[in-house]
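Undergrad:
Number of protein chains: 2
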Amino acid sequence: MNRRDLLKLSSMAVAAAAAPVLGETSAEGGPEVARWDALEIPLRGTAAGNPFIDVSLTATFRMKNRALTVEGFYDGDGVYKVRFMPDEEGVWTWTTKSNDKALDGKTGTFTCVAPQAGNRGPVSVRDDYHFGYADGTPYVECGTTCYAWAFQAEKTQRQTVATLKQAPFNKLRMCLFPKWYQYNRNEPPMYPFPRTGEVNDYSHFNPAYFQHLDKLIVELREIGVEADLILFHPYDKWGYQQMPPEVDARYLRYVIARFSAYRNLWWSLANEYDLLKYKTNTDWDSYVRIVEEYDAFDHLRSIHYSRHQYEYWRGWCTHAGVQSSQLEKAAEWRADWRKPVIYDECQYEGNIASRWGNINADEMTRRFWLAAVQGTYCGHGETYVSPDDILWWSHGGVLHGKSPEKIAFLRKLLEETIAVGPGPIGFSSMGDNPMGAKRANDAVVFFYFDAHQPALQTLALPEGKTYTAEYVDTLALTRTPLPGEYSGKAEVRLPGTPWGSVWFRAKGVA
Amino acid sequence: MNRRDLLKLSSMAVAAAAAPVLGETSAEGGPEVARWDALEIPLRGTAAGNPFIDVSLTATFRMKNRALTVEGFYDGDGVYKVRFMPDEEGVWTWTTKSNDKALDGKTGTFTCVAPQAGNRGPVSVRDDYHFGYADGTPYVECGTTCYAWAFQAEKTQRQTVATLKQAPFNKLRMCLFPKWYQYNRNEPPMYPFPRTGEVNDYSHFNPAYFQHLDKLIVELREIGVEADLILFHPYDKWGYQQMPPEVDARYLRYVIARFSAYRNLWWSLANEYDLLKYKTNTDWDSYVRIVEEYDAFDHLRSIHYSRHQYEYWRGWCTHAGVQSSQLEKAAEWRADWRKPVIYDECQYEGNIASRWGNINADEMTRRFWLAAVQGTYCGHGETYVSPDDILWWSHGGVLHGKSPEKIAFLRKLLEETIAVGPGPIGFSSMGDNPMGAKRANDAVVFFYFDAHQPALQTLALPEGKTYTAEYVDTLALTRTPLPGEYSGKAEVRLPGTPWGSVWFRAKGVA
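Top to bottom, those sequences are chains A and B.
At position 281 of the first sequence (counting the first as 1) the number is 287 in the working numbering, and the numbers step up by one without a gap.
At position 440 of the second sequence (counting the first as 1) the number is 446 in the working numbering, and the numbers step up by one without a gap.
1) Given residue 146 of chain A, which residues of its chain have a CB within under 7 Å of its CB, disregarding the five upstream and five downstream residues?
2) Buried or exposed for residue 314 of chain B, going by 16 or more other Cβ atoms inside 10 Å?
3) For residue 363 of chain B, which residues from the same chain have a beta carbon less than 6 Å from its beta carbon, with the 5 sequence-adjacent residues on both sides left out?
4) Would you kindly work out how many angstroms separate the C-alpha atoms of residue 62 of chain A and residue 105 of chain A, rounded to a whole number?
5) Report yes if the C-beta of residue 155 of chain A is less than 7 Å from at least one heavy atom of the ligand MG; otherwise report no.
6) Does the region 108-120 of chain B come into contact with the region 35-46 of chain B, if we say contact requires no fewer than three beta-carbon pairs (one atom in each stretch) closer than 8 Å?
7) Report the residue ranges of all beta strand (DSSP E) runs contained in full by the region 280-368 of chain B; include only those spanning at least 3 residues, in chain order.
8) Could you tell me the distance, in whole angstroms, from the CA atom of residue 328 of chain A to the CA atom of residue 179 of chain A?
9) Is the beta carbon of residue 154 of chain B less than 8 Å from the beta carbon of residue 206 of chain B?
10) Please confirm whether residue 131 of chain A and residue 325 of chain A have their CB atoms less than 8 Å apart.
11) If we ignore side chains and look at the alpha-carbon of each, how far apart do residue 208 of chain B and residue 159 of chain B end up?
12) Put residue 104 of chain B into one of helix, strand or coil per three-state DSSP.
13) Thinking C-beta only, is residue 41 of chain A closer than 8 Å to residue 93 of chain A?
14) For residue 201 of chain A, name the three-state secondary structure that DSSP assigns.
15) Any beta-carbon of chain B closer than 8 Å to the one on residue 462 of chain A?
16) Whole angstroms are fine: how far does the CA of residue 431 of chain B sit from the CA of residue 487 of chain B?
17) According to DSSP, simplified to helix, strand and coil, what is residue 377 of chain B?
18) Along chain A, which residues have their Cβ under 7 Å away from the Cβ of residue 458 of chain B?
19) Please report the straight-line C-alpha distance between residue 95 of chain A and residue 226 of chain A, rounded to a whole angstrom.
20) How about residue 303 of chain B and residue 91 of chain B: do their beta carbons lie closer than 8 Å?
21) How should residue 496 of chain A be labelled, buried or exposed, when 16 other C-beta atoms within 10 angstroms of its C-beta is the threshold for buried?
22) Between residue 190 of chain B and chain A, is there a C-beta pair that is closer than 8 Å?
23) Could you pull the start and end residues of the beta strand (DSSP E) that residue 495 of chain B belongs to?
24) Unbroken beta strand (DSSP E) runs of length 3 or more, entirely within the region 136-170 of chain B: which are they?
25) Should residue 172 of chain B go down as buried or exposed, given a rule of 16 or more other Cβ atoms within 10 Å for buried?
26) Determine which residues of the region 272-286 of chain A have a Cβ less than 9 Å from any Cβ of chain B, and write them out in chain order.
27) Find the residues of chain A that neighbour residue 502 of chain B, judging by a C-beta separation of less than 7 Å, and give them in chain order.
28) Which residues in the same chain have their Cβ closer than 6 Å to the Cβ of residue 294 of chain B, if we skip the five residues on either side of it in sequence?
29) Following the continuous alpha helix (DSSP H) through residue 489 of chain A, name the residue where it begins and the one where it ends.
30) Of all the CB atoms in chain D, is at least one closer than 8 Å to the CB of residue 440 of chain B?
31) Mind pulling the chain A residues with CB within less than 8 Å of residue 2 of chain B?
32) Within the chosen definition, does the region 370-387 of chain A reach the region 399-419 of chain A through at least 3 CB pairs nearer than 8 Å?
33) Run through chain B and tell me which residues come within less than 8 Å of residue 379 of chain A, C-beta to C-beta.
34) Along the region 379-393 of chain B, where does the CB come closer than 7 Å to a CB of chain A? Name the residues.
35) On the DSSP letters alone, give me the boundaries of the beta strand (DSSP E) that residue 40 of chain B sits inside.
36) Quick one, which of B:251, B:507, B:414 and B:66 has its alpha-carbon nearest residue 452 of chain B's?
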């Protein structure tokens, strides 16, 4: 190993700080890897020719009768890597297969042990319309967006992580390609493919570009934030929206091989897929097939649109990631598509000139509530004009708005009531009544009044239970116990002010 | 004439204070009647048998080659009346026709003279989507609702008129039948038909009941308020929603004969027609035909629904009178139906338990703005819980809410800009831009930002004109001139707060 290789490996060690690096071993049990951690097997192979295209590498991981095969990837300088996320405790073995003899037939073993604190595994769909971590903990989705944070100054990236650590958000939408758009007219520090002038060399990847993304995804993982990785987008001046089909396919397989072992990964096939004018529906179907075939860990998958709503009933979508400010459609869409609905983009809190980027904090908060009371989810973003031209929605950095505090308040209520009454939130269409939702076991029922301000309200509660009640001002962020107990068609006295919500908790439950 | 008759006639004189009473005359020119005033011809005929059914009476009014025929009606005690609203200045003659010899072949003449101040004639549709008075003055519709004000205590009725005199509203939706509903559980002081116990005598009308309505409609006329008379409604315990078909028809013809000479009259076939479960679509079609055939003055006509939206594209509807809180549909519906759209019921400002009756003042105001910027109209109503159980929406009385002041502010803006740039308001679908509307001659253009709060906004102005601009806070009710002049794709600096609107006025116009 020459000096350059050493440097490279040491930078990789930083990049994948939480990824145990495994070597070949036949020792019984081998090294220990925590359940749902990403392990990495570096292998030295040929650097001759074009390893990105010429060399095939897969590894099959076995546990009892199970066998999961992942692709390895070339990381430059003769180093190949295989990554894997074991999902079951016990002894696993692995074997490689390659057309490069130096990489072929390597084997090893490791023991998957209990996850460390804070490692709850990947998120998947739970109870049809909701999400949960693999360890059983419910995941109350609460996302935000920093499309191009990966391509900003290092200082801004550090700020973004620090901000997210304090913020109520547990999912981040981010682009895999650099972004060219209003407020985003800079060249990125690196390119995903070698680039000379205006010409991309699509036959090679730039490992450093992807190593940087490795690092950011792992950083998000360590602070409990899911990385909703956007694979294609139309805000492009470099050509990435119109690569040849075989490059698209190679790119997807490379990305899957690199990133899919990260438990906090979600796939978003595209942002505004319908604005990618060079791609056909057949193209999209082919991308879907690649993600389904090569992602051994079955991460969450969706796609985001601009004008033409995607057919979210399709089987490959694990959930809908809509762009819409029609929050009143939530219950209908949820029922139609029979899967979780996330309003990933419902417009952003801010004051820029574009209508999608200038709703006020209370309206943003209101949309989160409208989504929640219909058993769906909403997404945050922020676009305040700033002297430094750093806008959270794209660059990350710091938050300036007033909605995150109010969204945190809602998230706390939702998570708190899971403790009282676990189970999904079901939407109740109450006709002339305010919108209401409840936990499946009827232990928690809540109503949201929006711009309505009843002074007295009849609220239909599930039969057979007695409830205590709390009045919540969703904008003033106050919680006030209401006197007495409630059951059946309950008459509830309210302050007669708008933006209220009432939360009922069944007595004797938890 | 006995004492009872004298009393009766004197009360009628009060009832129709502004209606010139004409007798038979052949004097050249005869008495003078102001254009668009209701004249009344009382005739003495038989009181024997059942004049309501047995006696037919029509009068034909002639002016040059025109001939308009109206039905007369029996007003009790042997008195029959013919009412007419002349719409053209000059000499008119009239002749009656009846199966009662005492009423047949009566003739007279009168001279229609210029209208007095404040008499602008009836309202009709203007510029496809808007309204105007017959004298050419634009009518910026701004309605409210007091369904059952005609059946409240005299003191409340006086309050209602006094309130309306100060309020920004120029149309009142009111029921012709008494109302039985929440907050409305009283017997009316009178019934439209003689009633014994629970039994209605549908073969007779109760003239006093209708004389009282005469009086109220005229009172509204004198303060410049259009009376949007609701002919049927389902909030009924007395049987009026399920009368035999021939009674429905007789009732409609009676009402038309009595009221159609009032220039401030609009017909609303029903409130929540689809909740009138005893009536079929064929029934409704037959009512439409009666109104069209017997109303010689072609008053505005519409119908109001609950769940099943009426087919407002139908020819007989002069405008749509919708019940909906989907203000975002306004432009679409307007374009579909190609006629004026009024959100007669978009929910009410208040705090009662019913969702339709507890939106806050700012939300009510917002709905007026959303309607206005789409070139449509919105309606007000108020339902605040009150110790006296008098709620404006049904009883009238006084207003408690905060939206009327804000609605007045909008109405003033709309009317003011008619002076600057007369012509209809056209809606501009601006894609990603805020909703905007403009006068047809491009003299006035305005945008409404709703919950959006741009600090800087590009607003596309019609080509070839230069504008000055004013920033309007639609809730704080402030108007602030913006510096400079604007044209083309104008960059406008704004306060970055929500609920704003910008009004552009073309330089050199008015």
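Each residue gets a CB set at the ideal place from its N, CA and C atoms; glycine is no exception.
It should be emphasised that the depicted structure is a prediction, and the values quoted were computed from it without experimental measurement.
TA: With the given structure in hand:
1) As a working mapping, residue 146 of chain A is identified with position 140 in the first sequence. Cβ within range, chain order: 417, 420 and 421.
2) If you number the second sequence from 1, residue 314 of chain B lands on position 308. So residue 314 of chain B ends up on the exposed side.
3) Reading the second sequence from its first residue, position 357 is the one you call residue 363 of chain B. Counting only Cβ-Cβ distances below 6 Å, and skipping sequence neighbours, we find 354, 356 and 389.
4) Here residue 62 of chain A is taken as the residue at index 56 of the first sequence, counted from 1. Here residue 105 of chain A is taken as the residue at index 99 of the first sequence, counted from 1. In a straight line, the C-alpha of residue 62 of chain A is about 6 Å away from that of residue 105 of chain A.
5) For the ligand MG, the structure offers nothing, since it holds no ligand at all.
6) yes
7) 326-329 and 347-351
8) As a first step, residue 328 of chain A must be located in the first sequence, where it is residue number 322. As a first step, residue 179 of chain A must be located in the first sequence, where it is residue number 173. Each residue's Cα considered, the two are about 13 Å apart.
9) Here residue 154 of chain B refers to the residue found at position 148 when the second sequence is read from its first residue. Here residue 206 of chain B refers to the residue found at position 200 when the second sequence is read from its first residue. Going by C-beta atoms, residue 154 of chain B is not nearer than 8 Å to residue 206 of chain B.
10) Sequence index remark: in the first sequence, residue 131 of chain A carries index 125 (1-based). Sequence index remark: in the first sequence, residue 325 of chain A carries index 319 (1-based). Yes, Cβ-Cβ distance for residue 131 of chain A and residue 325 of chain A is below 8 Å.
11) Along the second sequence, one-based indexing puts residue 208 of chain B at 202. Along the second sequence, one-based indexing puts residue 159 of chain B at 153. Taking the straight line from one Cα to the other gives about 26 Å.
12) Here residue 104 of chain B refers to the residue found at position 98 of the second sequence. Residue state, collapsed to three classes: strand.
13) Counted from its first residue, the first sequence places residue 93 of chain A at position 87. Counted from its first residue, the first sequence places residue 41 of chain A at position 35. Yes, they are a contact pair.
14) As a working note, residue 201 of chain A is residue 195 in the first sequence. Three-state DSSP puts residue 201 of chain A in a strand.
15) Taking the first sequence and counting its residues from 1, one reaches residue 462 of chain A at position 456. Chain B contact via Cβ: present.
16) The residue given as residue 487 of chain B occupies position 481 in the second sequence. The residue given as residue 431 of chain B occupies position 425 in the second sequence. Cα to Cα, residue 487 of chain B sits roughly 22 Å from residue 431 of chain B.
17) Here residue 377 of chain B is taken as the residue at index 371 of the second sequence, counted from 1. Residue 377 of chain B: helix per DSSP, three-state reduction.
18) Counting from one through the second sequence, the residue named residue 458 of chain B turns up at place 452. Neighbours of residue 458 of chain B on chain A, chain order: 361, 364 and 365.
19) Within the first sequence, the letter at position 89 stands for residue 95 of chain A. Within the first sequence, the letter at position 220 stands for residue 226 of chain A. About 24 Å.
20) Taking the first residue of the second sequence as position 1, residue 303 of chain B is located at position 297. Taking the first residue of the second sequence as position 1, residue 91 of chain B is located at position 85. Cβ distance < 8 Å, so residue 303 of chain B and residue 91 of chain B count as in contact.
21) Sequence index remark: in the first sequence, residue 496 of chain A carries index 490 (1-based). Buried, since its Cβ has 16 or more Cβ neighbours within 10 Å.
22) Sequence index remark: in the second sequence, residue 190 of chain B carries index 184 (1-based). No, residue 190 of chain B does not count as interfacial toward chain A.
23) Locating residue 495 of chain B in the second sequence gives position 489, where the first residue counts as 1. Run containing residue 495 of chain B: 495-499, per the beta strand (DSSP E) assignment.
24) 136-139 and 149-151
25) Stepping through the second sequence from its first residue, residue 172 of chain B is reached at position 166. Burial call: exposed.
26) none
27) Taking the second sequence and counting its residues from 1, one reaches residue 502 of chain B at position 496. Those within 7 Å of residue 502 of chain B in chain A are 357.
28) Position 288 of the second sequence, counted from the first residue, corresponds to residue 294 of chain B. 322.
29) Translated into the one-based positions of the first sequence, residue 489 of chain A becomes position 483. No alpha helix (DSSP H) holds residue 489 of chain A; the beta strand (DSSP E) holding it covers 484-492.
30) No chain D is part of this structure, whose protein chains are labelled A and B.
31) Nothing can be reported for residue 2 of chain B, as the shown portion of chain B is limited to 7 through 516.
32) yes
33) As a first step, residue 379 of chain A must be located in the first sequence, where it is residue number 373. Simply none; closest approach about 13 Å.
34) 391
35) As a first step, residue 40 of chain B must be located in the second sequence, where it is residue number 34. Start and end: 38-40.
36) Here residue 452 of chain B corresponds to residue number 446 of the second sequence, with the count starting at 1. Cα-wise, what sits closest to residue 452 of chain B is B:507.
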